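Following: one structure in structure tokens, then a few remarks.
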Amino acid sequence: LVQQVVNDKLAEAFEEDPTTARKIVDKCVRAAQAREAARKARELTRKKGIDDEGLAAKLAECSERDPQYRELFLVEGASAGGSAKEGRDRRTQAVLPLRGKIINAEKARYDKVLSHNEIRLLISALGTGIGPEEFDVSKLRYHKIILMTDADVDGAHIRTLLLTFFFRHMVSVIESGYLFIAQPPLFKVKKGKVEKYLMSDREFEDFFLTTWVEDAGVKVPGTKTPVTGEPLRELLRSVSEVAALFAKFTKRGVPAPVLSELLRAKFRGSKRGIGHAEIAEAIVHAAAAVDGYDVSVQAGEANEGHTVTIAGTPTRSFSTDLFKSPDYTSLGELWEKVALAAKGPTTIIEGDRETAVSSLDELHRVALEHARAGATFQRYKGLGEMNAEELADTTMNAESRTLLKVTMEDAVGADQMFTVLMGDAVEPRREFIEKYALDVANLDI
1 LVQQVVNDKL AEAFEEDPTT ARKIVDKCVR AAQAREAARK ARELTRKKGI DDEGLAAKLA
61 ECSERDPQYR ELFLVEGASA GGSAKEGRDR RTQAVLPLRG KIINAEKARY DKVLSHNEIR
121 LLISALGTGI GPEEFDVSKL RYHKIILMTD ADVDGAHIRT LLLTFFFRHM VSVIESGYLF
181 IAQPPLFKVK KGKVEKYLMS DREFEDFFLT TWVEDAGVKV PGTKTPVTGE PLRELLRSVS
241 EVAALFAKFT KRGVPAPVLS ELLRAKFRGS KRGIGHAEIA EAIVHAAAAV DGYDVSVQAG
301 EANEGHTVTI AGTPTRSFST DLFKSPDYTS LGELWEKVAL AAKGPTTIIE GDRETAVSSL
361 DELHRVALEH ARAGATFQRY KGLGEMNAEE LADTTMNAES RTLLKVTMED AVGADQMFTV
421 LMGDAVEPRR EFIEKYALDV ANLDI
């Protein structure tokens with residue numbers, strides 16, 4: 001009788017107020033989902049490791065039993081996984097290939113995360129369990145968990161998804177210093193009998209230029225003798241860094257001729273007593289000196305940057321804040337090192353061979369072309385491009401590899417970053433991308 005009366009009255013109330021009814025039903029559904037997630041967490045905790053979850057077929061386990069000497073490589077794809085399994089140290093290194101992109105632990109419900117096959121395999125391999133009541137970092141089977149993905153946009157995405165999972169569900173692994181990112185080489189170069197793996201564009205340039213400058217020279221205006229040896233290598237490195245900083249400013253709308261004129265005039269926006277009005281005035285004078293620019297200035301609020309607009313095709317606008325930035329300060333310091341070469345023309349001298357160049361960009365490009373003559377090189381994008389021996393030598397061997405330790409100095413900032421970049425809300429992510437779009441260094445489209 002009581003049940004019947006309650007059901008009738010609840011039915012009436014829900015018909016009259018469907019909004020409240022919907023909230024109650026949603027709460028019941030969430031409670032059921034939480035119970036299901038807790039059940040799955042307990043199941044995963046009770047699993048006996050490689051005997052369950054199909055793990056034995058995928059995980060190449062190591063023989064060492066002490067966790068502090070054991071490493072687990074989480075590898076993108078079966079191809080690289082095969083090479084890693086073949087090239088690993090079977091005593092201390094285990095390999096778990098992951099298929100495709102794992103679920104986004106920031107967006108997905110907890111029960112969905114625990115239902116994802118690759119996540120279940122990972123949890124079973126780690127041995128820590130999962131969930132607030134079940135997770136125990138002291139049970140971790142490996143004290144080095146190494147993310148090893150390709151050097152392309154898909155590899156970066158997979159690495160980010162794994163970082164998101166560890167941050168949201170196993171943050172103690174990060175806090176304990178057990179999570180690492182492998183750094184495979186970017187280039188394999190061979191010149192003569194020398195063969196080497198290089199980690200960055202900077203190392204790539206230095207490899208060729210270091211030997212080239214021993215037999216070459218550059219004659220710059222205002223000097224009696226050519227620049228050779230180590231001073232020449234430093235000059236070319238400074239030219240490369242100037243080009244990179246120039247690109248940053250031109251992306252933001254500053255015309256290269258105007259920027260060059262400001263640097264030639266030794267204008268420094270960070271000097272004491274230089275405000276935004278003085279910076280704007282210097283830009284107007286620089287634009288007039290190189291001719292062809294119609295410049296207008298809109299003053300900002302007190303102590304804020306002025307907006308400089310340069311008419312043309314296209315019309316460009318930028319803030320005077322740029323000229324108070326550390327980048328402009330660095331550019332000014334570098335410019336002093338290359339100022340004579342920037343006056344042009346300069347001449348590259350190699351024995352009896354002389355090559356005239358008219359700009360800093362051309363100087364750097366031609367010098368690197370000549371330095372690379374007779375060499376072969378390969379740029380890696382995927383781990384699968386390396387055979388087992390190469391992968392072991394460059395990325396897995398503890399004596400020769402480079403690892404980045406994942407640390408968390410600002411937990412609140414990290415939480416906000418994962419929420420913005422990996423969460424459901426689109427608008428904050430759009431704002432972030434728009435704010436930092438011009439700072440992007442590696443864009444894969």
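Using our numbering, the letters of the sequence shown correspond one by one to residues 1 to 445. From the three backbone atoms N, C-alpha and C, an ideal C-beta is built for every residue, glycine too. Being a predicted model, the structure only gives us computed values, none of them experimental.
query: Should the region 73-91 be called in touch with the region 390-401, which here means at least 3 C-beta pairs below 8 Å?; result: yes
query: Tell me the rounded alpha-carbon separation between Thr20 and Lys9.; result: 14 Å
query: Where does the unbroken alpha helix (DSSP H) through Gln416 begin, and where does it stop?; result: Ala411 to Met422
query: Within its chain, find whatever has a CB closer than 6 Å to the CB of His276; leave out the 5 residues flanking it on each side and keep chain order.; result: Gly305, His306 and Thr320
query: In or out: Leu438 buried (at least 16 other Cβ within 10 Å) or exposed?; result: exposed
query: Assuming Tyr197 is part of the beta strand (DSSP E), what are its boundary residues?; result: Val194 to Leu198
query: For Thr315, which residues from the same chain have a beta carbon less than 7 Å from its beta carbon, with the 5 sequence-adjacent residues on both sides left out?; result: Thr309
query: Applying the criterion that 16 or more other CB atoms from any shown protein chain within 10 Å of the CB defines a buried residue, is Met408 buried or exposed?; result: exposed
query: Please report the residue range of the beta strand (DSSP E) in which Thr211 lies.; result: From DSSP, Thr211 is part of no beta strand (DSSP E) but of the alpha helix (DSSP H) over Asp201 to Trp212.
query: For Ser240, which residues of its own chain have a beta-carbon under 6 Å away from its beta-carbon, when the five flanking residues on both sides are left out?; result: His364
query: How many whole angstroms separate the CB atoms of His370 and Ile348, which I take to be in contact at a CB cut-off of 8 Å?; result: 7 Å
query: In the DSSP output, which residue or residues are listed as bridge partners for Ile102?; result: Answer is none; Ile102 lacks a bridge partner.
query: With a 10 Å radius around its C-beta and 16 neighbouring C-beta atoms as the bar for buried, classify Met417 as buried or exposed.; result: exposed
query: Determine, using beta carbons only, whether Asp215 and Gly351 come nearer to each other than 9 Å.; result: yes
query: Going by Cα to Cα distance, which pick from Ala151, Phe207 and Gly129 is closest to Thr376?; result: Phe207
query: Give the straight-line distance between the Cα atoms of Pro326 and Cys28, rounded to the nearest whole angstrom.; result: 55 Å
query: Output the distance between the C-alpha atoms of Ile433 and Val153, rounded to the nearest integer angstrom.; result: 16 Å
query: Identify the continuous alpha helix (DSSP H) that holds Gly217 and give its terminal residues.; result: No alpha helix (DSSP H) contains Gly217, which is instead part of the beta strand (DSSP E) from Gly217 to Lys219.
query: From the DSSP output, in three-state form, read off Phe73 for me.; result: strand
query: Taking the beta strand (DSSP E) that Arg379 belongs to, which residues open and close that run?; result: Thr376 to Arg379
query: Excluding sequence positions up to five away, which residues of its chain have a Cβ less than 8 Å from the Cβ of Glu195?; result: Lys188 and Val189
query: Could you tell me the distance, in whole angstroms, from the CA atom of Leu98 to the CA atom of Gly77?; result: 6 Å
query: Short of 6 Å in beta carbon distance, which residues of its chain neighbour Leu209, apart from the five on each side in sequence? Order them along the chain.; result: Arg233, Leu236 and Ala371
query: DSSP puts Ser446 in a beta bridge; with which residues?; result: With the chain represented from 1 up to 445, any question about residue 446 goes unanswered, as that position is not in the structure.
query: Give the range of the alpha helix (DSSP H) segment to which Ser79 is assigned.; result: Ala78 to Gly87
query: Shortest alpha-carbon distance to Tyr293 belongs to which of Val113, Pro257 and Gly131?; result: Pro257
query: Where His116 and Ala108 are concerned, what is the direct C-alpha to C-alpha distance, given to the nearest angstrom?; result: 10 Å
query: Do you know whose CA, among Ala11, Thr149 and Thr128, lies nearest Ala386's CA?; result: The displayed chain sequence assigns Met, not Ala, to residue 386. Per the Cα distances, Thr149.
query: How would you write the range of the alpha helix (DSSP H) that Ile119 sits in, first residue to last?; result: Asn117 to Leu126
query: Label Gly177 either buried or exposed according to how many other C-beta atoms from any shown protein chain fall within 10 Å of its C-beta, with 16 as the threshold for buried.; result: exposed
query: Could you tell me the alpha carbon to alpha carbon distance between Lys191 and Glu133, rounded to whole angstroms?; result: 58 Å
query: Quick one: using the 10 Å Cβ neighbour count with 16 as the cut-off for buried, is Ile24 buried or exposed?; result: exposed
query: Please name the residue or residues paired with Pro97 in a DSSP beta bridge.; result: Val75
query: Inspect the beta-carbon positions of Pro231 and Gly344 and report whether they are closer than 9 Å.; result: no
query: Whose CA, out of Thr164, Leu55 and Leu391, lies closest to the CA of Ile102?; result: Thr164
query: Just the C-alpha distance for Ala373 and Lys219, rounded to the nearest angstrom, thanks.; result: 21 Å
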